[in-house]
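Q: One gets this note's numbering by counting positions in the sequence shown from 1 and adding 60 to each. We put the beta carbon where it would ideally sit given N, CA and C, even for glycine. Bear in mind the structure is a predicted one, so any value in this text is a computation, not a measurement.
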Amino acid sequence: MSVASSPPATSKGTLSMPLRELSEQVRLSRQTIVHWIDRHLIDADLRWALDESNEEVRVIELSEGTLDFLKGFAADYREDTVSRTEARRILRQIDRKKIKKLIRAGDVQDVEVDDETKIVVGSIEDFMIEREQSRRENGEAEEEEEEEE
61 MSVASSPPAT
71 SKGTLSMPLR
81 ELSEQVRLSR
91 QTIVHWIDRH
101 LIDADLRWAL
111 DESNEEVRVI
121 ELSEGTLDFL
131 KGFAADYRED
141 TVSRTEARRI
151 LRQIDRKKIK
161 KLIRAGDVQD
171 VEVDDETKIV
181 VGSIEDFMIE
191 REQSRRENGE
201 AEEEEEEEE
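(1) Can the beta-carbon of methionine 188 be found less than 7 Å from the beta-carbon of serine 89?
(2) Any idea what DSSP makes of arginine 87, helix, strand or coil?
(3) Taking only runs that begin and end inside the stretch 75 to 163, name each unbroken alpha helix (DSSP H) of 4 or more residues, in chain order.
(4) Do isoleucine 179 and valine 168 have their CB atoms nearer than 7 Å?
(5) Using the C-alpha atoms, what's the distance from isoleucine 159 back to glutamate 172?
(6) Do valine 181 and arginine 138 have their C-beta atoms closer together than 7 Å?
(7) Using only the alpha-carbon positions, how far apart do arginine 164 and threonine 92 sit?
(8) My parser needs the alpha helix (DSSP H) runs of 4 or more residues fully inside the stretch 169 to 201; what are they?
Okay, here's the thing in structure tokens:
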């Protein structure tokens, strides 16, 4: 296991940084970034490393070009809207009532599109980022995000 460096280290044109730092930069949840890597939507590699305090952290390795693409794509993605069903998939929650509660509580933003309630993706990502940060602050170990088939 290697030590995670901050700021990003460059070797052979590849940047390496803790996944949580990339998440903060592009304003996407770690869950979404890992999902995109697993689906080969972005060209990057994930590994585990030790940080300065000897804690295990998830590290992402990607090229500067991929990072630039991801920043632009993430901004567009956050502006998109999705159905409640798709919002549940993104949040990995199966209960429709939970999505309604999140909307009523103002935790996610909804808009009317062609007489249908849609959820703003950026608000879903913000909710997931807050949830990930809360878990980290509560001392929960950084878990390996896995794809659910």
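A: In short, the structure shows the following:
(1) On the sequence shown, residue 188 is found 128 positions in, with the first residue counted as 1. On the sequence shown, residue 89 is found 29 positions in, with the first residue counted as 1. Yes.
(2) Here residue 87 refers to the residue found at position 27 of the sequence shown. Three-state DSSP puts arginine 87 in coil, outside helix and strand.
(3) As far as the stretch 75 to 163 is concerned, its whole alpha helix (DSSP H) runs of at least 4 residues are 79 to 86, 90 to 98, 124 to 139 and 144 to 151.
(4) Residue numbering aside, residue 179 sits at position 119 when the sequence shown is read from its first letter. Residue numbering aside, residue 168 sits at position 108 when the sequence shown is read from its first letter. For isoleucine 179 and valine 168, yes; Cβs fall inside 7 Å.
(5) In the sequence shown, the residue the question calls residue 172 occupies position 112. In the sequence shown, the residue the question calls residue 159 occupies position 99. Whole-angstrom Cα-Cα distance: 15 Å.
(6) Here residue 181 refers to the residue found at position 121 of the sequence shown. Here residue 138 refers to the residue found at position 78 of the sequence shown. The answer is yes: Cβ separation under 7 Å.
(7) Locating residue 164 in the sequence shown gives position 104, counting from the first residue. Locating residue 92 in the sequence shown gives position 32, counting from the first residue. Approximately 24 Å between the Cα atoms of the pair.
(8) As far as the stretch 169 to 201 is concerned, its whole alpha helix (DSSP H) runs of at least 4 residues are 181 to 197.
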